[in-house]
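Trainee: One structure, as structure tokens, below. Some questions next.
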Amino acid sequence: MTDWAEIRRVCTIYEDDAVLALDKPVGISVMGERHDTDLVRLAADAGEELFPVHRIDKVTSGVVLFARELRFHGDLTRQFQRRTVDKRYLALTRTRGLPTTGTIDLPLSVGRKSRVRVAANRADITASRRPPADPDVRGGADEAGAFGAVAEEGYWSIAPGAAFGHVRTYPSVTTFVRLWEGGERTLLAAIPRTGRRHQIRVHLAWIGHPIDGDPLFDKAPATRTFLHSWRLAFDAAWAGGSRVEVEARPDADFLAPVGDPLPADLLDDTRRQNDDARRQN
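Under the working numbering, the first residue of the sequence shown is numbered 304, with each subsequent residue one higher.
Right, here's the structure in full:
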């Protein structure tokens with residue numbers, strides 16, 4: 304899909320005077336493509352100037368937010384920087400065995416050819432169980448309750464001093480809730496508490512649960528990448544600071560590998576108060 308009018312018609316999920324939220328299809332970048340097209344360029348070619356507030360990967364589908372005027376852009380980007388934006392993703396792994404809820408607390412670094420990786424040796428990653436009442440992982444436990452699950456908290460980290468010292472490292476935390484598992488797959492709601500590039504993809508892969516179809520870890524994926532930007536909530540300063548929530552429901556293509564066992568109302572029953580999310584960030 305490369306016709307901007309058609310993208311506007313099919314993919315718009317929220318719009319007001321300040322912002323435009325699209326349900327981005329797989330296979331098109333938000334901006335910055337050197338030899339291909341992207342959403343910002345398509346819009347510009349059609350006479351509409353958009354300012355991306357954040358990015359999601361080309362292989363990722365779902366919610367992406369744009370400011371429609373530059374005067375709205377700064378406040379929105381600061382919300383992302385301050386981690387007051389509530390971001391939820393759906394991820395389908397090609398594995399089973401994850402706990403009901405978990406926290407992945409692994410620093411990231413950028414290696415050769417700009418590849419993002421955990422900033423430690425794989426052997427230094429430890430997996431443990433921590434009480435859901437622990438304030439460091441309470442976000443995961445609260446999420447589990449919101450999704451109707453009994454918390455079984457997993458925690459992945461590295462020992463103090465195990466992080467690489469020869470590269471710049473970035474503290475990175477992802478929490479998740481297991482929504483469903485069956486066959487050889489698991490469906491997760493993943494919440495990036497920090498906003499690093501490829502964070503969810505790298506975190507899940509390095510604990511042994513890569514996202515199905517992820518070209519970062521599968522050189523010849525047979526399917527699309529099953530990572531979907533699901534929900535986004537932000538404050539609209541231009542509308543009195545009201546909280547705006549947008550959602551891009553996954554399409555049939557994303558849910559096809561899950562099949563009939565997935566309850567039809569599962570994704571409708573998972574809302575929780577955004578104030579809880581903001582307190583955790």
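We put the beta carbon where it would ideally sit given N, CA and C, even for glycine.
Can you list, in chain order, the stretches of the beta strand (DSSP E) that have 3 or more residues and sit fully within the region 469-493?
Mentor: 476-485
Trainee: Which partner residues of residue 323 appear in the DSSP bridge assignment?
Mentor: 318 and 369
Trainee: Counting along the chain, where does the beta strand (DSSP E) carrying residue 531 start and finish?
Mentor: 530-539
Trainee: Following the continuous alpha helix (DSSP H) through residue 556, name the residue where it begins and the one where it ends.
Mentor: 555-558
Trainee: Counting only beta-carbon atoms, is residue 308 nearer than 8 Å to chain D?
Mentor: The chain inventory of the structure shown lacks chain D, comprising one protein chain alone.
Trainee: Which partner residues does residue 461 have in the DSSP bridge list?
Mentor: 428
Trainee: Residue 417 to residue 335, Cα distance in whole Å?
Mentor: 16 Å
Trainee: Classify residue 375 as helix, strand or coil using the three-state DSSP reduction.
Mentor: helix
Trainee: What residue range is occupied by the uninterrupted alpha helix (DSSP H) comprising residue 348?
Mentor: 342-348
Trainee: Can the beta-carbon of residue 507 be found less than 8 Å from the beta-carbon of residue 394?
Mentor: Result yes, Cβ atoms of residue 507 and residue 394 sit closer than 8 Å.
Trainee: Can you tell me whether residue 440 is buried or exposed, with buried defined as 16 or more other CB within 10 angstroms of its CB?
Mentor: Note that residue 440 has pLDDT 44, beneath the 50 cutoff, so the model's placement of it is unreliable and no number is given.
Trainee: Ignore the nearest five residues each way along the sequence and tell me which others in residue 467's own chain have a CB closer than 7 Å to its CB.
Mentor: 412, 422 and 423
Trainee: By a C-beta neighbour count over all protein chains shown, 10 Å radius and 16 as the cutoff for buried, is residue 373 buried or exposed?
Mentor: exposed
Trainee: Looking at the secondary structure, which residues open and close the beta strand (DSSP E) in which residue 421 lies?
Mentor: In the DSSP assignment, residue 421 falls within the unbroken beta strand (DSSP E) covering 419-421.
Trainee: If we count the other Cβ atoms within 10 Å of its Cβ and call it buried at 16 or more, is residue 469 buried or exposed?
Mentor: exposed
Trainee: Keeping to the same chain, check which residues put their C-beta closer than 6 Å to that of residue 497; ignore five residues upstream and five downstream.
Mentor: 475 and 476
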